[in-house]
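Converting from the sequence shown to the working numbering requires adding 178 to each position, the first position being numbered 1.
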Amino acid sequence: MGFLDILLGRTKPAAPDLDQLFALPSAAVTLQAAAGFTPTGGGAVCFATVEGAVFEQTHQEVQALLDADADRTGPPVELRQDDYGYSWLVSQRAPDQLPQLVNDLHAVNSSLEANGFGPQLLCSLAGFQDASGRRLALVYLYKRGTFYPFAPQPGTSQRRDSSLELQVKAALANDLRIEQDLSRWFPVWGAPGL
179 MGFLDILLGR TKPAAPDLDQ LFALPSAAVT LQAAAGFTPT GGGAVCFATV EGAVFEQTHQ
239 EVQALLDADA DRTGPPVELR QDDYGYSWLV SQRAPDQLPQ LVNDLHAVNS SLEANGFGPQ
299 LLCSLAGFQD ASGRRLALVY LYKRGTFYPF APQPGTSQRR DSSLELQVKA ALANDLRIEQ
359 DLSRWFPVWG APGL
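Structure (structure tokens):
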């Protein structure tokens with residue numbers, strides 16, 4: 179960043195920091211104490227759809243890497259497309275295996291990044307649920323290096339529980355690097371893993 183950028187008030191965007199994902203297990207403890215949400219065991223990495231032999235090879239590498247985990251039941255990651263044309267690599271673990279889920283998300287992101295797909299990476303999420311069945315995702319914005327909560331209202335199509343999202347933002351302020359620009363809290367309707 180140069181002197182002219184400083185004078186004009188331009189800032190350098192934050193670099194992706196995948197190690198921020200490792201803060202999720204401790205944030206989950208705070209989230210359970212503050213709002214009663216526990217992990218569902220579901221998580222996913224979203225990216226702009228890519229095709230070709232290099233991507234297929236990367237997908238197989240991720241499968242092989244995660245398949246070596248003896249604690250896993252079912253496929254290591256499943257490739258899905260959403261209604262908006264984005265691709266998701268979805269991992270499912272037992273609800274008490276949030277640290278392992280975070281390792282999966284980190285490995286998927288790292289593999290895609292290492293194979294040149296970093297510009298296509300959009301976000302990662304981990305799913306949570308409370309005793310009444312309300313869902314919540316903690317979404318990591320890859321290009322911003324920050325998190326935000328996303329809480330779809332149950333039983334409605336494409337409505338958010340904004341008050342719950344703000345409650346979670348306040349509760350996790352000391353645990354996660356929260357995205358302060360609320361306009362970047364994009365809804366992830368129908369996200370696999372949520």
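Just so you know, even glycine gets a beta-carbon here, dropped at the ideal spot from N, CA and C.
Within 8 Å, strictly: CB atoms of residue i and residue j
| i | j | result |
| --- | --- | --- |
| Q270 | G311 | no |
| A351 | L342 | no |
| L202 | L276 | yes |
| G368 | D261 | yes |
Extent of the continuous alpha helix (DSSP H) run through residue i
| i | result |
| --- | --- |
| G273 | For the sequence presented, residue 273 should be read as Pro rather than Gly. Per DSSP, P273 belongs to no alpha helix (DSSP H) and is neither H nor E. |
| F233 | 231-245 |
| A205 | 202-213 |
| V346 | 340-349 |
Closest residue to residue i among the options (Cα-Cα distance)
| i | options | result |
| --- | --- | --- |
| W266 | L303, A213, A242, T216 | L303 |
| V207 | A272, T216, C224 | T216 |
| A211 | A348, V280, A292 | A348 |
| V317 | L360, A309, V240 | L360 |
| L209 | G371, Q345, G263 | Q345 |
| P297 | G305, R322, G263 | R322 |
| A128 | G305, L300, Q259 | There is simply no residue 128 to check, as the chain begins at 179 and stops at 372 in what is shown. |
| Q238 | Q331, N293, Y326 | N293 |
| L300 | Q331, V255, P365, G214 | P365 |
DSSP state of residue i mapped onto helix, strand, coil
| i | result |
| --- | --- |
| F295 | helix |
| L360 | helix |
| L372 | coil |
Start-to-end residues for the beta strand (DSSP E) that takes in residue i
| i | result |
| --- | --- |
| A226 | 216-226 |
| Y318 | 313-319 |
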